[in-house]
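This report concerns only the one structure given below.
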Amino acid sequence: MSPKAAFSNAIVIGASGGIGKALVAALMADGVQNVHGLSRSGAPEFSSGGIAGRIDIRDEASIAAAAGRVRETGPADLVLVATGLLHDGAIQPEKTYRSLSADALAEYFAVNTIGPALVAKHFLPLLPRDRRAVFACLSARVGSIGDNRLGGWYGYRASKAALNMLIKSLSIEIARTLPEAICVGLHPGTVDTGLSAPFQSGVAPEKLFTPAVSARCLLDVVKTLTPDQTGGCYAWDGERIVP
Ligand SMILES: NC(=O)c1ccc[n+]([C@@H]2O[C@H](COP(=O)([O-])OP(=O)(O)OC[C@H]3O[C@@H](n4cnc5c(N)ncnc54)[C@H](OP(=O)(O)O)[C@@H]3O)[C@@H](O)[C@H]2O)c1
Numbered sequence: 008m009s010p011k012a013a014f015s016n017a018i019v020i021g022a023s024g025g026i027g028k029a030l031v032a033a034l035m036a037d038g039v040q041n042v043h044g045l046s047r048s049g050a051p052e053f054s055s056g057g058i059a060g061r062i063d064i065r066d067e068a069s070i071a072a073a074a075g076r077v078r079e080t081g082p083a084d085l086v087l088v089a090t091g092l093l094h095d096g097a098i099q100p101e102k103t104y105r106s107l108s109a110d111a112l113a114e115y116f117a118v119n120t121i122g123p124a125l126v127a128k129h130f131l132p133l134l135p136r137d138r139r140a141v142f143a144c145l146s147a148r149v150g151s152i153g154d155n156r157l158g159g160w161y162g163y164r165a166s167k168a169a170l171n172m173l174i175k176s177l178s179i180e181i182a183r184t185l186p187e188a189i190c191v192g193l194h195p196g197t198v199d200t201g202l203s204a205p206f207q208s209g210v211a212p213e214k215l216f217t218p219a220v221s222a223r224c225l226l227d228v229v230k231t232l233t234p235d236q237t238g239g240c241y242a243w244d245g246e247r248i249v250p
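Residue numbering for the sequence shown follows the numbering used here, beginning at 8 and increasing consecutively.
Structure (structure tokens):
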């Protein structure tokens, strides 16, 4: 580990995504000793010279196998879940309740809620018992119930709100045995990736971050969070998002 690196064994799940790929690059630039870039393809180009690996968060056996490979490299002091779904061909965020579909809702929950929950199941046991560690899932400000003023985007909002609740419960449980562990949701800002591409027209240019800027901000936040902040959801600037 470089003298300045805050973490020594970091894992990015969803390393092929816009933000995930930038997180891997930023961790490598920080001199983190082991950076695991895990993606559905397992392709090395998503690991920026780190350790490439395969994971499909909709397949628990694949999650367990990935955790087993990471375990061989030592305790994991940073786990970042950067997977997510907003649109995907037939699935588009709902503008009205009239568009609700059981299949689309199930898909949102499978990727945005259940996948990260199963990642927690298999990766939380890898956290060190004797020092600070962070388990963080990329959530979204629109998952805040208190901040919902526009409505719409039913499946995405609800699946992220449910993710935030899972994070809260996980944080309570792990605090009993890992008092230095921090388990949080993170809002990356509005970031220029494939996920946000169809929805950027109303976004002021200065409010649309590059993945590199967002990743740097998110790493600054995870470096400074303290155990008393566990269980919450924090934006790219460290601001706590109302539940
Ligand atoms: N971009 C924004 O403005 C914004 C705003 C708020 C919150 N967020 C959140 O930030 C996170 C990252 O978003 P992004 O903008 O980087 O999106 P993105 O570029 O679309 O990346 C999404 C990632 O999720 C992965 N993924 C989807 N299903 C998966 C599965 N079953 N198993 C493994 N990986 C899977 C994708 O892998 P493949 O390459 O294999 O498809 C890809 O790596 C998401 O949780 C999103 O909700 C983003």
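Quick reminder that beta carbons are idealized off the backbone N, C-alpha and C, glycines included.
One question on the structure: do Leu193 and Pro123 come within less than 7 Å of each other, judged by their Cβ atoms? no
With 16 other Cβ atoms within 10 Å as the buried cut-off, status of Arg148: buried
So does Ser203 have its beta carbon nearer than 6 Å to some heavy atom of ligand 2? As for ligand 2, it is missing from this structure, which binds only ligand 1.
Going by alpha carbons, who is nearest to Ala143 out of Gly96, Ala109, Leu85? Leu85
Below 7 Å CB to CB, which residues in the same chain sit around Gly60 once its five sequence neighbours on both sides are set aside? His43, Leu45, Gly49, Ala73, Arg76
So, at 8 Å on beta carbons, what are the nonlocal neighbours of Ser221 in its own chain, with the 5 sequence-adjacent residues on each side left out? Ile26, Ala29, Pro195, Gly196, Val198, Trp243
Give me, in chain order, the residues of the same chain whose beta-carbon lies closer than 6 Å to that of Lys230; leave out the 5 immediate sequence neighbours on both sides. Ala13
In terms of residue numbering, what span does the beta strand (DSSP E) encompassing His129 cover? Per DSSP, His129 belongs to no beta strand (DSSP E); it is in the alpha helix (DSSP H), 122-130.
DSSP-derived helix/strand/coil call for Asp95: strand
Helix, strand or coil at Thr233 [DSSP, three-state]: coil
What did DSSP end up calling Phe142 once you bin it into helix, strand or coil? strand
Starting from the C-beta of Gly245, find all residues in its chain whose C-beta is less than 6 Å away, skip the five residues before and the five after it, and write them out in chain order. Val228
Euclidean distance between Cα positions of Leu185 and Arg65: 27 Å
Assigned secondary structure, Ala165 (DSSP; H/G/I helix, E/B strand, else coil): helix
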